[in-house]
Amino acid sequence: MTRSGLTDEEIRNEVTQWLDENWSSDRSLIEWRNILVDGGWAAPHWPEEYFGRGFTTDQAAAVTAVFNEKGAVGAAQVGPRRLASETILACGSDDQKRRYLRPILTGEHTWCQLFSEPGSGSDLAGASTRAELHHGKWILNGQKVWNTSAHHADFGILLARSDWDLPKHQGLSYFLLNMRQPGVEVRPLKQMNGHQSFNEVFLANAEVPAEDLIGGEGNGWAVATTTLSFERRGFGRRPTGGGIQGPKKGRVYEELKAELAIATEPYTWYPQREGRVDLVLPRARETGAIKDPAIRQEIARLIGMSTGAALASASVEAKRMAGTTEIIPAGSIGKLAASVIARQASHVHTMIAGADAMLSGAESAEQGTIAEILISVPAISIAGGTDEIQRNIISERVLGMPKGHRSDRGPFRDIKRNVS
Amino acid sequence: MQAEFSKEQQLFRQVVARALKDNSPSSAVRDLMASDRGYDPAVWQQLCGEVGLGGIHIPEAYGGTGFGLIELGIVAEEMGRTLYCGPFFASPVMAGLALLNAATEVQKEALLPGIASGSTLATLVLDDLNDPDQAGRSTQASDHGRLTGTAGIVVDAHVADLLIVVAKTRDGRGLYAVDRHAPGVSIDSLEVLDPTRKLSRVILDSAPGEKVGEVSDEALHRIWDQMCVALAHEMIGGAQHLLESTVEYTKVRVQFGRPIGSFQALKHRCADLLMELELARAVVHHAARCLDADEGEPYAASMAKAMASETYMNAAKAGIQLRGGIGFTWEDDTHLWFKRAKSSEVFLGTPHLHRERMMTVVEGL
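Residue numbers (my numbering), protein chains in the order written: chain L, 14 to 433; chain H, -16 to 348.
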């Protein structure tokens, strides 16, 4: 019997009853999450054969709401692990789904994404990490970069070149890599704002069993595109629910807190890279800068842009919900707007701070937050596809402008690459 | 407050767009901008009569259709797109909104039906078009309703039957109706930067006016806000046209053996324009909804006017630049929109003034 016809009310009742019978904060986190997975409530929007209930997004939201009300802990979801689980769910074999999905939900395995390379950033399909099949195992050699959470990850989703004689998009394969092996070395990468949110990963004869290639040999680009579509939808970033607010006591909360501390650590400066528009008016009032005619002009510009961006994205969301078929240019346009807004906010914060913007650290404006904004905003127009790439996408896919000249056709081995 | 256009509003937009596409091609715009009158009475009557555009925002009790600023905005946006030449902005928008906000019931019943049907051409005479706080200060009304003063720029006064004048009275500001043929009224056509919008100087020398209402500061700001929102719609319509026509041009113009639209320098400028237009459009549509519902940001109208002004000018500048030499010729149509963009940028307050006006409100929140 399909369960998709359940009303919110029926779902609420069922979840409430199940939690009343099973939820206890005295268990260990992993023990609780195993009960959760067995009960089928860890990922209700997943298919029934893979730990889920085939619920719609709305039905799943009803489940989450009850969990939040009860303060019950849900499945592990912070960080890149959801990019892995959604990709495996969409493209993996039955065997891969059975082996990998459960420990992701329980939090026993953490994951990282191994896509970008020093030689292929914007041009992701130009990856040159080498994958060669020897005696039933894939042997990987190369270097990856910008790998959030790689320093504690158990597994990585990895894009590598398995055939150098095919055109670049066709010679890629996608692997599930065990990070806990001698051929994998992870080094933290320190950014200009002092944080170390990312890593470099060096692969020297790292091994992947043949059964851990996902989506078929040579289909790596299609699988990577699937992952990227989840990434653009905001999966695999910040916490979404999970119930640690408030003074909650019990072993499960303690362990969850520790898990989240590790998983969210790379993202603490992310609000600052968006410019902290929320701080502009309070700072302008507090410092008296709101009386400065030049600063007023810039604040008004900023308010206009960020109001416009919020309205435009709400409108897109409404159209999506209504199931429109028109081309919605939201993703790239929204990302480009976020860059412009962040830069304008940084500009205004600079005007407000004046010479104080020469300082950083706990004694500087807003306990260092303003300084962190000023040196973090340059990331917003790079991460997740540079502004320049977004402009290419907007002009070609939304405005229908002709594609530019390409010099990367033909066998990959003949294409000009970065020399290292 | 509604967040999206309803099905009916979308259909209405299609009807308006079709009527304007048929009646306001660029060949017609060129003929009319070269004429003294500046509009085609037959087309105007058709738009007001069959399509009912003149009274779209005027309540049914006064001969209109009874919709709001959202629908008025749809009309203005489509007119801005085709650069429609006619007394729409002067008569139903400026004079109509002034009467709706400030006239007495009796006067609304008397004056608005003619404006709605298009049979009366009215215009709003303001002695300052830069700043609502300065408007209606230099034109004086005597206790006997004699008006004296000069309005340096009045839209479409050269064809108006009825002048709606904001003038200073002993204890505030009043709204007056003046017959254009009355003694003491002189109207001189001006040479204009944007020939698709005809402008005149109106000099009143003890001209007889009938007082039709009081204009409080609040009412004047509301009228100004509503006019700005209508103008902002016109501007984003024009910007949309410029973006579309410019992109089309870059697809067909070939240099160095490829369409110039394949060069990133041009693509990126167009992508930035689209982003800017999406934000401005969202704010402009939002402003009409805010004013109709009397909710939302109290500075929405100024925010819309400031953003639409800069977006339109940026689209106009890019429209000329990306066409290269042909874009600077009289023969190419782009300059028609460029001139409308420039004249709209400064009409009813520069972006600078509107940002300051916004901040005055923001500061008090």
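Glycine residues also receive a C-beta, built at the ideal position from the N, C-alpha and C atoms.
When DSSP states are grouped into helix, strand and coil, glycine 317 of chain L belongs to the helix group. At a cut-off of 8 angstroms, the C-beta of cysteine 68 of chain H has no neighbouring C-beta in chain L.
Any Cβ of chain H closer than 8 angstroms to the Cβ of histidine 164 of chain L would place that residue at the interface, and such an atom is absent. Considering only beta carbons, the part of the region 233 to 253 of chain H lying closer than 8 angstroms to chain L consists of Thr233, Lys234, Arg241, Pro242, Gly244, Ser245, Phe246, Gln247, Leu249, Lys250, His251 and Cys253, in chain order. Judged by DSSP in its simplified three-state form, cysteine 125 of chain L adopts strand.
A distance below 8 angstroms separates the beta carbons of lysine 91 of chain H and tyrosine 45 of chain H.
When DSSP states are grouped into helix, strand and coil, lysine 150 of chain L belongs to the strand group. Beta-carbon to beta-carbon, histidine 40 of chain H and leucine 52 of chain H are separated by about 6 angstroms, close enough to satisfy the 8 angstroms threshold. Shown here, tyrosine 22 of chain H sits in coil according to DSSP, grouped into three states, outside any helix or strand. Runs of the beta strand (DSSP E) spanning 3 or more residues and lying entirely within the region 141 to 215 of chain L occur at 143 to 147, 150 to 158, 168 to 174, 185 to 191 and 197 to 202, in chain order. Put simply, the CB of aspartate 188 of chain H is far from chain L, with every gap to its CB atoms at 8 angstroms or more.
The beta-bridge partner set that DSSP reports for alanine 86 of chain H consists of H:Gly196. Counting the other CB atoms within 10 Å of its CB gives lysine 181 of chain L a total of 16 or more, which places it among the buried residues. Annotation: arginine 314 of chain L to tryptophan 177 of chain L spans about 50 angstroms, alpha carbon to alpha carbon.
Taking a beta-carbon distance threshold of 8 angstroms, threonine 320 of chain L counts as an interface residue toward chain H. Going by C-alpha positions, asparagine 113 of chain H is about 49 angstroms away from glycine 240 of chain H.
Residues of the same chain with a CB within less than 7 angstroms of the CB of isoleucine 43 of chain L, apart from the 5 flanking positions on each side, are Thr119, Gly120 and Glu121 in chain order. Counting along the chain, threonine 65 of chain H sits inside the alpha helix (DSSP H) bounded by residues 52 to 65. One Cα belongs to valine -1 of chain H, the other to arginine 180 of chain H, and the distance between them is close to 20 angstroms. By DSSP's assignment, aspartate 171 of chain H forms a beta bridge with H:Arg184. Histidine 208 of chain L and histidine 164 of chain L have their C-alpha atoms spaced approximately 14 angstroms apart. The beta carbon of serine 292 of chain H sits closer than 7 angstroms to those of Met218, Ser327, Glu328 and Pro334, all from its chain and outside the five residues before and after it, given in chain order. The criterion of a C-beta distance shorter than 8 angstroms is satisfied by leucine 127 of chain L and leucine 171 of chain L. Interface residue (Cβ-Cβ distance to chain H less than 8 angstroms): arginine 356 of chain L is not classified as such.
Around the CB of methionine -16 of chain H, fewer than 16 other CB atoms lie within 10 Å, so the residue is classed as exposed.
Rounded to whole angstroms, the separation of the alpha carbons of alanine 370 of chain L and glycine 397 of chain L is 28 angstroms. Not one beta carbon of chain H lies nearer than 8 angstroms to the beta carbon of isoleucine 395 of chain L. Beta-bridge pairing by DSSP links glutamine 310 of chain L to no other residue. By alpha-carbon distance to asparagine 232 of chain L, the top candidate from L:Glu244, L:Ala173, L:Glu267 and L:Lys270 is L:Ala173.
If you draw a straight line from the Cα of lysine 288 of chain H to the Cα of arginine 309 of chain L, it is about 17 angstroms long.
Counting only residues of its own chain and dropping the five nearest sequence neighbours on each side, glutamate 268 of chain L has a CB closer than 7 angstroms to the CB of Ser41 and Leu42.
For isoleucine 147 of chain H, the enclosing beta strand (DSSP E) covers residues 145 to 152. Taking 8 angstroms as the cut-off between beta carbons, the residues of the region 305 to 318 of chain L near chain H are Pro306, Arg309, Gln310, Ile312, Ala313, Arg314, Ile316, Gly317 and Met318, in sequence order. Chain order gives no chain H residues near histidine 362 of chain L, where near means a beta carbon separation below 8 angstroms; the closest approach is about 17 angstroms. For alanine -14 of chain H, the residues of chain L that pass the 9 angstroms Cβ criterion are Leu324, Ala327, Ser328 and Ala331, in the order they occur in the chain.
Under the 8 angstroms criterion on CB atoms, isoleucine 346 of chain L is classed as interfacial with respect to chain H.
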